[in-house]
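Sequence positions in the sequence shown follow our numbering and run 10 to 195. Input: a single structure, listed below in structure tokens.
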Amino acid sequence: MTVKEIICQALRLVGRDDAADEIIGSAELSAEVVRIKNAFLTYFNSVLDELSRGYFPLSAQDNIIFSYGKKQLSAFSRRVVRINKVLVDNKAVEWHISAGYLYVDAEEATVFYEYAPDPLKENDAFFYPEFAVSERLVQYGMAAEHYLVCGCAEESRLWEERYRDEIEALIARCTIKPRIPPRRWI
Numbered sequence: 010m011t012v013k014e015i016i017c018q019a020l021r022l023v024g025r026d027d028a029a030d031e032i033i034g035s036a037e038l039s040a041e042v043v044r045i046k047n048a049f050l051t052y053f054n055s056v057l058d059e060l061s062r063g064y065f066p067l068s069a070q071d072n073i074i075f076s077y078g079k080k081q082l083s084a085f086s087r088r089v090v091r092i093n094k095v096l097v098d099n100k101a102v103e104w105h106i107s108a109g110y111l112y113v114d115a116e117e118a119t120v121f122y123e124y125a126p127d128p129l130k131e132n133d134a135f136f137y138p139e140f141a142v143s144e145r146l147v148q149y150g151m152a153a154e155h156y157l158v159c160g161c162a163e164e165s166r167l168w169e170e171r172y173r174d175e176i177e178a179l180i181a182r183c184t185i186k187p188r189i190p191p192r193r194w195i
């Protein structure tokens, strides 16, 4: 499923069938529909970012060569959210982050970290490495964001509740995570 199809389904959830039909159609889009499509693309990427940072973390590892004991975080193969551990010769070593750099007292190390997915464009295929995250979950989050931006508090609360309930149901089926997700201790 493409991002554009997910956007259209989210538009249908919020009652904008006209915009969804126009996006799917082959005619040129009106200025209003272009604005709506771009807004929903922003909501889509925002929801994916939130899911990766707070609920369904994505893990990666890179073999990094350090220059004078430091490496810029933006030079990693993915957008780093959290460093989990650093190994040199399969042994954990001390490390710290400062001013966008990872500092390690080594020339080369294996870095295990969590990352956020890169923003997708409308023609990209939807893929989230954590199997539990579905298109439906993302659409619920997009609908909640849409109503929040529009100032419709009641509708936003309802969609946010569906979104959070779906997350809770998925987390209950997954292995127990050693941390509390954001804003869920209240």
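Idealized CB from N, CA, C, for every residue including glycine. Keep in mind it's a predicted model, so treat the numbers as computed, not measured.
Next on the checklist: Could you compute how far the alpha carbon of Ala-84 sits from the alpha carbon of Gly-24?
Outcome noted: Your numbering for residue 84 matches position 75 in the sequence shown. Your numbering for residue 24 matches position 15 in the sequence shown. Ala-84 and Gly-24: Cα-Cα distance of roughly 42 Å.
Item to check | Residue from Leu-146, Leu-129, Asp-127 and Lys-80 whose Cα sits closest to the Cα of Glu-116 | outcome: Taking the sequence shown and counting its residues from 1, one reaches residue 116 at position 107. Cα-wise, what sits closest to Glu-116 is Lys-80.
Checklist entry - Is Phe-49 helix, strand or coil when you go by DSSP? => result Residue 49 sits at position 40 when you count from the first residue of the sequence shown. Helix, per DSSP.
Checklist entry - If we count the other Cβ atoms within 10 Å of its Cβ and call it buried at 16 or more, is Ala-178 buried or exposed? => result Walking along the sequence shown from the start, residue 178 turns up at place 169. Flag for Ala-178 reads exposed.
Checklist entry - Which whole-angstrom value is the C-beta distance of Val-102 and Ala-118, which I expect to be below 8 Å? => result Against the sequence shown, residue 102 aligns to sequence position 93. Against the sequence shown, residue 118 aligns to sequence position 109. 7 Å between Cβ atoms; contact.
Next on the checklist: My output table needs one value for Val-90: the three-state DSSP class, helix, strand or coil.
Outcome noted: Here residue 90 refers to the residue found at position 81 when the sequence shown is read from its first residue. Reduced to three states, the DSSP call for Val-90 is strand.
Checklist entry - Lys-79 lies in the beta strand (DSSP E); which residues open and close that run? => result Indexing the sequence shown from 1 puts residue 79 at position 70. Here the beta strand (DSSP E) through Lys-79 covers 79-81.
Checklist entry - Is it the case that the Cβ atoms of Phe-136 and Glu-144 are separated by a distance below 8 Å? => result Mapped onto the sequence shown, residue 136 falls at position 127. Mapped onto the sequence shown, residue 144 falls at position 135. Cβ atoms of Phe-136 and Glu-144: not closer than 8 Å.
Next on the checklist: From the DSSP secondary-structure annotation, give me the bridge partner or partners of Asn-72.
Outcome noted: Locating residue 72 in the sequence shown gives position 63, counting from the first residue. In the DSSP output, where bridge partners are listed per residue, Asn-72 has Thr-119.
Checklist entry - Can you tell me the Cα-Cα spacing of Glu-175 and Gly-63, whole angstroms? => result By 1-based counting over the sequence shown, the position of residue 175 is 166. By 1-based counting over the sequence shown, the position of residue 63 is 54. Looking at the two C-alpha atoms, the distance is approximately 14 Å.
Item to check | According to DSSP, residues forming a beta bridge with Ile-106 | outcome: Locating residue 106 in the sequence shown gives position 97, where the first residue counts as 1. DSSP output for Ile-106 lists Leu-111 as bridge partner(s).
Checklist entry - Among Met-151, Val-158 and Cys-159, which has the Cα closest to the Cα of Arg-171? => result Translated into the one-based positions of the sequence shown, residue 171 becomes position 162. Cα-wise, what sits closest to Arg-171 is Met-151.
Next on the checklist: Suppose you measure from the CA of Val-97 to the CA of Leu-67; what does that come to, to the nearest Å?
Outcome noted: Here residue 97 refers to the residue found at position 88 when the sequence shown is read from its first residue. Here residue 67 refers to the residue found at position 58 when the sequence shown is read from its first residue. About 22 Å.
Checklist entry - From Tyr-156 to Asn-72, what does the alpha carbon distance come to, in whole angstroms? => result Translated into the one-based positions of the sequence shown, residue 156 becomes position 147. Translated into the one-based positions of the sequence shown, residue 72 becomes position 63. Taking the straight line joining both Cα atoms gives about 43 Å.
Next on the checklist: Quick check: the Cα distance between Cys-161 and Ile-33, rounded to an integer number of angstroms?
Outcome noted: Counted from its first residue, the sequence shown places residue 161 at position 152. Counted from its first residue, the sequence shown places residue 33 at position 24. So the alpha carbons of these two residues sit roughly 26 Å apart.
Item to check | Helix, strand or coil at Leu-38 [DSSP, three-state] | outcome: Position 29 of the sequence shown holds residue 38. DSSP places Leu-38 in the coil class of the three-state scheme, outside both helix and strand.
Checklist entry - Helix, strand or coil for Leu-96 per DSSP? => result Working through the sequence shown from its first residue, we reach residue 96 at position 87. It is a strand residue.
Checklist entry - To which residues of the same chain is Asp-58 closer than 7 Å at the C-beta, ignoring the five residues directly before and after it? => result For the purposes of this step, residue 58 is taken as the residue at position 49 of the sequence shown. These residues qualify, in order along the chain: Ala-125.
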